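Student: One structure, pasted below without further comment.
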Amino acid sequence: MHDQRFVIPRQELNREDFASSVPDFNRRSEVMNTDMGYKCTVTNIVRLTRQEKLFQIRIIDPVERALFRFRPGQFLMLELPGYGEVPISISSSSTNHEFLELCIRKAGSVTTALFNAGEGARVAIRGPFGSSFPMDEMAGHNVLLIAGGLGIAPLRAPLFWINEHRNRFLDVSLLYGAKDPSQLLFTWQFNEWDMISHIGLHTIVEHGSEEWTGKTGMITDLFNDISIDPATTYAIVCGPPVMFKFVCGWLDGLGIPMNRMFVSLERRMHCGMGKCCRCMVGSTFTCIDGPVFDYWSVMNLKEAI
Amino acid sequence: MNQQGLRFEKLKIASFDFTCCEGCQLQLANRESTLADFLRLIDIRNFREISSEQHDDYDIALIEGSISRSDEVERLLAIRRQAKVLVAFGTCACFGGVNSLKNRVSGEAAVSEVYGEIKVETLPVRRISEVVKVDLSIPGCPVAKEEVERIIISLVTGSLVTLPKYPVCVECKAALNTCLFELGEICLGPITRAGCHAVCTTGKTPCLGCRGPAEEINMEAFLHLVKERGLSRSDLQEKLAFYNAFDAFTP
Amino acid sequence: MIYKIISKAEFKRFIDALVRSNSSFGPRMVDTDSRGEAVYQFQPVSSVDEIAFDYTRTASSAKHFFLPFRQELSRFHFHDDDWDQKVSYEADPVVLFGLRACDISALNILDDVLLNGHFPSAYYLAKRKNTFVIGMDHLPLPDCFCKSMNHHTVPTGFNLFCSDIGDEYYLAINSSKAFNFLREFETRDPQYDENCRLAERRKLISSSFRTEIDVTGLPAILDIEFDSPVWKKWGDKCLSCGTCAMVCPTCYCYSVEESFESDLQSSSRQKRLYSCNLVDFAAVAGGHNFRPKNGDRLKYRYYHQHRGFAENANQQICVGCNRCGKACLAGINPKDVINDLRLEKDTCTTSVSSSPARS
Amino acid sequence: MKRDYTIAIHHLTRVEGHANITITVRDGQLMEARWAVVETPRFFEVMLKGMSAERVPFLTSRICGICSISHALASIRALERAMHILPPAVAEKTRLLAMHGETLQSHALHLFFLAAPDFAGTASILPLMESHPDIVRAGLQLKELGNEISRVTTGRCTHPVSLVVGGLSKAPDKTQLAALQKMIRERKPLLETACAFFRTLAIPDFSRETEFISLANGVSYPSIGGHLVSSDGVERDENDYLLMTNEYTKEFSTSKFTRLSRETSAAGALARFNNSSAFLHPEALKAAESFGLRPVCHNPFMNNIAQLVECVHILEDAELLIDSLLDSELTAVKTPWNPQAGSATGAVEAPRGILYHHMETDSEGRVVRADCIIPTTQNNANIDLDLKAIAEWALEKGKNDREIEKLCEMVVRSYDPCISCSVH
Ligand SMILES: Cc1cc2nc3c(=O)[nH]c(=O)nc-3n(C[C@H](O)[C@H](O)[C@H](O)COP(=O)(O)OP(=O)(O)OC[C@H]3O[C@@H](n4cnc5c(N)ncnc54)[C@H](O)[C@@H]3O)c2cc1C
Ligand code: SF4
Ligand code: SF4
Ligand code: SF4
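Each protein sequence line maps, in turn, to chains S, U, W and H. Taking the working numbering, the leading residue of the first sequence gets 1, the next gets one more, and so forth. Taking the working numbering, the leading residue of the second sequence gets 306, the next gets one more, and so forth. Taking the working numbering, the leading residue of the third sequence gets 557, the next gets one more, and so forth. Taking the working numbering, the leading residue of the fourth sequence gets 916, the next gets one more, and so forth.
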């Protein structure tokens, strides 16, 4: 007794349904970038260490490429079709609209597959997602960047920014620690910047090697090498969770206000949009409220560090 | 096979059965709709049940069944020497399975019960990992072909092989089943690893734990709940012992 | 909103016509539990006779009609050294009959979370737009506490809502589709008498609640009680089985999995409803688990339900149906956990700032 | 041509379980032909002791990965008879349908995966996928259909979940049943393809007289329960299974042997056909006729054809069974029961022949004593003698050692032996 009069018609979605969505997200053919990534080609791969590679990727579609903008500190969801998706910080300059660089550590399923992929492979990106470092607010101040291990990856974008706008900042130093010399990333570039733009680079490794002439010890051992004026300094700290506690505690002790220290957190993520809830820290989403937080917010977040 | 600049090699696979019903091997021939594709992923080097061709240059050995005779121990050791990846395939291989129920009596008693005077060799039933190192476990009585397929694809494409860490209840609820505890029965779903699509509870029979314990189970809370609901202790014990998968947790 | 009165017999004819002409779901009895109580679920129905009009509460919510337990988000097709991605937001029209006020509230909450933020979910919207929701009021069960959550009535979020006023239903019509369908049936405008009966019915419902939870200031209490021993106490009982989240009308956390098809010619990205109680919810690569203990995870679910997160403007998202409490084998339920927390809070405030005893 | 040789086949391939064949020829004369089962015994009778009746079918189904439904149903039938439980009629029908599914699946597996390569001269089905894609597809789709029948009726194709003492734990879903019926109708023509293919194969013209044992019920083709009958005219009650089997052990084999009126006897599709062909569906009889298969046939190779004929019967019968289930109320599918002491036999026609489970329960419904006699056990002695006979027959025909080896393997496979099952 199927009666045509009572059949509910199918309703398609249309653009107006998403009037509230932010303009960052450009819809192609009625499908959102949040669901369908921009297709990219892996244009170059540089092996940095045994575990890390730098992937240069380029958005294929020129319109999408032109639309894609990000701020230092943001991340994207990188998809290797067939394998899955992982959140990765953007490590290249935010003023570079030609390609993106991602520094990726082989950590598990998707990243291992990425490691096996070669130049020319096609990946997809969704995003950019998340909060960023307040570069404009920092302008006119000293900036102290502190990175441990892979923590350098999210710091490279703000470093590019600073380098490109060097005269807007006062003293800039980078303290960078790694397990051993072979694991230091991007040192060639920082040395360059050190010489050209006077970004003070201080490196340290936990275990030296025969060729290593630099310092050995923990990142905290570098603190004596620099002088800090707490009144005019902003700090960015990135590294393994244990590092936050020591470093931020020390900066706090020096009198740097907590809302001038920034950290970048990592959690498990499946959406990047505050929907899957995997990245919750206390009652905050790492993906939309973070990954960049000022230390004051993190201090108040249970479970954060 | 080529994809995205990634080269996939066929897996050189061999399948061997020990003390068991061979039901797990048989699953390899199930899911007929994707069977042709599945067979393209693997190069069967040795699989007595379906092929007369036998070679000894396999990389992956699927071991079905538990170990209960000395000739089996030797066969298994030889396989271990050859295999790059040794897979405990099915509940008997992973935990001993129903065969372990025999261990309740001595070997001699068992033999005389079934064979009378005739001498037949039998050892206490052991799981594969008690004899050789196991690289990968695929539990299930029988194994779920869908899961096996997914794992084989992962091995071919080089993705990580994982089993669900959570218990059967998750899948059972997704099937909208009425919880068997509500029907007055003891179900091992809350402590058993998911991945079977809650096939037993969907058929309204209690989970007997063929897939073994889920990750970090709360056995104490489980025992408490069985007691709280006044359910039979001997029933609980019979269920926990059924596949020998909870021996590490049994009080 | 347009209000109409319809006789029960005529209403059944209307539902029958609707149900027969569309893919439809409604409450059906699926089992009788060991206490002799009927167990209901939303199941496919093909005629009005199959619907249990007098049902109490379905064991599982209607959430999965909008957020399936497993859903394909997109599919990749490989060819040569390239691929194409396909995303589709299609949903088939469905009639969903018999939702309770709190169930519809839950949908409104999901709308808030999934449609109003920066990243609206088109998958959800497609389902929501294509689902014809018919609500039905009912007298609360002994363990319902939706009144405490203020979700025992619902002003919006449905196509049609019917209140039982004796021999007739008082209909609230909230969509032109529903209005047009009803044109074919005998209805009339409510009179004074029927309005009174509706008011009485509401009063009756409102006064029938036997479970109450004091949720005033709960978000703040939860923030303060982050390290409370209450979490360990209940966490020790928790089986980390995820049942509570699966049956809950508002739990929406998920996981994404991707896998190749056997022919390696395509792959599928799928979303699966997950639960924050599951052991690896917050585990990251390398094995670190940000919430290693049962109590940490249980707490998180209570935070989400009773404190709310930014996506939902820090509002509570629990609607008070107590499905989770009913389904939990370990006997963990919102009422007991929250009361425990309050107690904890009370004892601690009295010890911190005990006011002088009055004489 | 070699006149002195020994054929020693260690762990015969394309059969379920482990067994060896030894043929010794001296001066062109057969000295010895032996069928030795070397499967590891599992001692199910021991495992069953003390198990609650409720759990028994879940244990017995694990005796065999191919015919788990038969094992579950044999033990259920034994327990139901021992404790005087009458399952509802709809449950009985569903069980019968489940048996059909299993038999179809098992026959298709045997015919296409295990036996066909012999006739086609390949080592496995894999080369056939290239050379005979249509046949392989037909085989796979029939096997899938068998599995699907089992899944819809019992919840899973291997190791059923909803077959329980008293009936079914859950009724099959009518929507799924209807879909299943559609699938059966669509796939029925595949059997014609299969028959056409098997008609092209050369079946050795060998026979050896033997006694065929099967179940019979006087009204339909046998499946679950009935009388025990033999082609030599023996007839016994189900509970008197021991008189039918007369199990004995042999030093060289972990599987036992049986005998009845003669030295050996046979069970299986050919036995059922020989004893009950009158009850086959006309379509099935037509198929039999097209192969010249008529009772009583003593060519063991024709067991393959009898299986094919049974497949035709099964699909016709399954369609009717589903019709009747769709017309029935599927709500009460389990009779409530109380445990009691008792003992009885449950016999069913498993794909490979008659299967007996005998169970003795105590007042709590726990198994006190169990005995399971498997079809392959009943065929062992027959296989042993067939090996001798065919080796002699082949020597007479002047076949060489390679040919003899192949014929010996083929004759064993024709029985579709299920060895791990027989050494349970
Ligand atoms: C905001 C953010 C920025 C990041 N930036 C970088 C970067 O620039 N370079 C880099 O190498 N790594 C970065 N990571 C970590 C990186 O996402 C994980 O190493 C990666 O997800 C591991 O995935 P896998 O599939 O290889 O591992 P598996 O263990 O197989 O992980 C499976 C899934 O779990 C989740 N997951 C597991 N571990 C993590 C983790 N540590 N963080 C988040 N999700 C996880 C992911 O969803 C992943 O797909 C970042 C993480 C976040 C949250
Ligand atoms: S029936 Fe078993 S698996 Fe399902 S919810 Fe209940 S306890 Fe969990
Ligand atoms: S948390 Fe529990 S009571 Fe609240 S809405 Fe979810 S299931 Fe209902
Ligand atoms: S609270 Fe209850 S239902 Fe939820 S995960 Fe814990 S035991 Fe399971």
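Built from N, CA and C at the ideal position, the CB exists for glycine as well. What you are looking at is a predicted structure, and each value in this text was computed from that prediction instead of being measured.
For the beta strand (DSSP E) containing P87/S, list its first residue and its last residue.
Tutor: Locating residue 87/S in the first sequence gives position 87, where the first residue counts as 1. Where P87/S is concerned, the enclosing beta strand (DSSP E) stretches over 84–89.
Student: Per DSSP, P62/S is paired with what?
Tutor: For the purposes of this step, residue 62/S is taken as residue 62 along the first sequence, with counting starting at 1. P62/S pairs with nothing; no bridge assigned.
Student: Quick one: does the C-beta of N833/W sit closer than 7 angstroms to a heavy atom of ligand 2?
Tutor: Residue 833/W sits at position 277 when you count from the first residue of the third sequence. Answer for N833/W: no, Cβ out of range of ligand 2.
Student: In chain order, what residues of the same chain have a beta carbon less than 7 angstroms from the beta carbon of L994/H, not counting five sequence neighbours either side?
Tutor: Within the fourth sequence, the letter at position 79 stands for residue 994/H. Taken in chain order, the residues that qualify are A968, V971, V1080, M1274, T1276.
Student: Between the C-alpha atoms of K685/W and N664/W, what's the straight-line distance to the nearest angstrom?
Tutor: Here residue 685/W refers to the residue found at position 129 when the third sequence is read from its first residue. Here residue 664/W refers to the residue found at position 108 when the third sequence is read from its first residue. Going from the Cα of K685/W to the Cα of N664/W covers about 13 angstroms.
Student: Are the C-beta of T43/S and some C-beta of chain U separated by less than 8 angstroms?
Tutor: Taking the first residue of the first sequence as position 1, residue 43/S is located at position 43. No - not a single Cβ of chain U is within 8 angstroms of the one on T43/S.
Student: For L184/S, which of D171/S, D194/S, G151/S has the nearest alpha-carbon?
Tutor: The sequence position of residue 184/S within the first sequence is 184, counting from 1. Taking only the C-alpha atoms, the option nearest L184/S is G151/S.
Student: Look up F800/W in the DSSP assignment and say whether it is helix, strand or coil.
Tutor: For the purposes of this step, residue 800/W is identified with residue 244 of the third sequence, where counting begins at 1. It is Cys, not Phe, that sits at residue 800/W in the sequence shown. Here C800/W sits in helix by DSSP.
Student: From this set, V803/W, L754/W, G773/W, which residue's C-alpha is nearest C718/W's C-alpha?
Tutor: The sequence position of residue 718/W within the third sequence is 162, counting from 1. Checked all of V803/W, L754/W, G773/W; the closest Cα to C718/W is L754/W.
Student: Is there a Cβ from chain W that is less than 8 angstroms from the Cβ of C474/U?
Tutor: For the purposes of this step, residue 474/U is identified with residue 169 of the second sequence, where counting begins at 1. Closer than 8 angstroms to some Cβ of chain W, the Cβ of C474/U qualifies, so yes.
Student: Under three-state DSSP, which class holds F714/W?
Tutor: For the purposes of this step, residue 714/W is identified with residue 158 of the third sequence, where counting begins at 1. In the structure shown, F714/W sits in coil (DSSP, three-state: anything other than H, G, I, E or B).
Student: How about L885/W: is its Cβ closer than 7 angstroms to a heavy atom in ligand 4?
Tutor: Reading the third sequence from its first residue, position 329 is the one you call residue 885/W. Answer for L885/W: yes, Cβ within range of ligand 4.
Student: Can you tell me which of A231/S, T187/S, P181/S, D17/S puts its alpha carbon nearest to the alpha carbon of E331/S?
Tutor: Outside the displayed range of chain S (1 to 305) lies residue 331/S, so it cannot be described from this structure.
Student: At a Cβ threshold of 8 angstroms, is Y83/S touching chain U?
Tutor: Position 83 of the first sequence holds residue 83/S. At least one chain U Cβ lies under 8 angstroms of Y83/S.
Student: Which ranges would you report for the alpha helix (DSSP H) in the segment 928–1009 of chain H if only whole runs of at least 4 residues count?
Tutor: 959–963, 971–975, 983–997, all fully within the segment 928–1009 of chain H.
Student: Taking a contact to mean a Cβ-Cβ separation below 8 angstroms, would you say V436/U touches I491/U in this structure?
Tutor: Locating residue 436/U in the second sequence gives position 131, counting from the first residue. Locating residue 491/U in the second sequence gives position 186, counting from the first residue. In this structure, I491/U does not lie closer than 8 angstroms to V436/U by Cβ.
Student: What residues in the segment 798–828 of chain W bring their beta carbon closer than 8 angstroms to a beta carbon of chain U?
Tutor: So the list reads G798, T799, M802, V803, S815, F816, E817, S818, D819, L820, given in the order they occur along the chain.
Student: Taking only runs that begin and end inside the segment 1209–1287 of chain H, name each unbroken alpha helix (DSSP H) of 4 or more residues, in chain order.
Tutor: 1217–1241, all fully within the segment 1209–1287 of chain H.
Student: Identify the continuous beta strand (DSSP E) that holds S811/W and give its terminal residues.
Tutor: Walking along the third sequence from the start, residue 811/W turns up at place 255. Here the beta strand (DSSP E) through S811/W covers 810–816.
Student: If you measure from the beta carbon of E454/U to each beta carbon in chain W, is any gap under 8 angstroms?
Tutor: As a first step, residue 454/U is located in the second sequence; it is residue number 149 there, counting from the start. Answer yes: the Cβ-Cβ gap between E454/U and chain W drops below 8 angstroms somewhere.
Student: Can you give the Cα-Cα distance for F551/U and L1026/H, rounded to whole angstroms?
Tutor: Walking along the second sequence from the start, residue 551/U turns up at place 246. Walking along the fourth sequence from the start, residue 1026/H turns up at place 111. If you take the alpha carbons of F551/U and L1026/H, they lie about 40 angstroms apart.
Student: Just mark M138/S as buried or exposed, buried being the case when its beta carbon has 16 or more other beta carbons within 10 Å.
Tutor: Position 138 of the first sequence, counting from 1, holds the residue named residue 138/S. Per the 10 Å Cβ criterion, buried.
Student: Do V812/W and L629/W come within 8 angstroms of each other at the CB atom, strictly closer than that value?
Tutor: Position 73 of the third sequence, counted from the start, is the residue given in the question as residue 629/W. Position 256 of the third sequence, counted from the start, is the residue given in the question as residue 812/W. In contact: L629/W and V812/W (Cβ atoms closer than 8 angstroms).
Student: Are the C-beta atoms of A1256/H and some chain U residue less than 8 angstroms apart?
Tutor: Working through the fourth sequence from its first residue, we reach residue 1256/H at position 341. No - not a single Cβ of chain U is within 8 angstroms of the one on A1256/H.
Student: Once DSSP output is grouped into helix, strand and coil, what is the label at N26/S?
Tutor: The count along the first sequence starts at 1 and reaches residue 26/S at position 26. Here the model assigns N26/S a pLDDT of 47, short of 50, so the residue's position is not dependable and the matter cannot be decided.
Student: Mind checking E1204/H: buried by the 16 CB within 10 Å criterion, or exposed?
Tutor: Position 289 of the fourth sequence, counted from the first residue, corresponds to residue 1204/H. E1204/H comes out exposed.
Student: For the structure I just gave you, are there three or more beta carbon pairs, one from the segment 62–82 of chain S and one from the segment 34–52 of chain S, closer than 8 angstroms?
Tutor: Contact between the segment 62–82 of chain S and the segment 34–52 of chain S is present, because at least three Cβ pairs lie under 8 angstroms.
Student: Does DSSP put E369/U in a helix, a strand or coil?
Tutor: To locate residue 369/U, count along the second sequence from 1; it is residue 64. Residue state, collapsed to three classes: strand.
Student: How big is the Cα-Cα spacing for L488/U and F554/U?
Tutor: Translated into the one-based positions of the second sequence, residue 488/U becomes position 183. Translated into the one-based positions of the second sequence, residue 554/U becomes position 249. So the alpha carbons of these two residues sit roughly 25 angstroms apart.
Student: Kindly provide the ranges of any alpha helix (DSSP H) runs that are 4 or more residues long and lie completely inside the segment 1098–1176 of chain H, ordered along the chain.
Tutor: Fully enclosed alpha helix (DSSP H) runs of 4 or longer: 1104–1114, 1156–1160.
Student: Tell me which same chain residues have a C-beta within less than 6 angstroms of the C-beta of K317/U, skipping the five on either side of it?
Tutor: Counting from one through the second sequence, the residue named residue 317/U turns up at place 12. So the list reads D348, R350, Y363, D364, once near-sequence residues are dropped.
Student: Measuring alpha carbon to alpha carbon, tell me which residue in V1051/H, T1125/H, D1316/H, V1248/H is nearest D919/H.
Tutor: If you number the fourth sequence from 1, residue 919/H lands on position 4. Answer by Cα proximity: D1316/H.
Student: Would you be able to state if there are at least three C-beta pairs under 8 angstroms between the segment 243–260 of chain S and the segment 285–302 of chain S?
Tutor: Short answer: they touch.
Student: Going by beta-carbon coordinates alone, are I888/W and W790/W separated by less than 8 angstroms?
Tutor: Translated into positions along the third sequence, residue 888/W becomes position 332. Translated into positions along the third sequence, residue 790/W becomes position 234. Contact: yes.
Student: Should A1304/H go down as buried or exposed, given a rule of 16 or more other Cβ atoms within 10 Å for buried?
Tutor: The residue given as residue 1304/H occupies position 389 in the fourth sequence. Burial call: buried.
Student: Buried or exposed: which applies to V416/U, given that a residue is buried once 16 or more other Cβ atoms fall within 10 Å of its Cβ?
Tutor: Locating residue 416/U in the second sequence gives position 111, where the first residue counts as 1. Label assigned to V416/U: buried.
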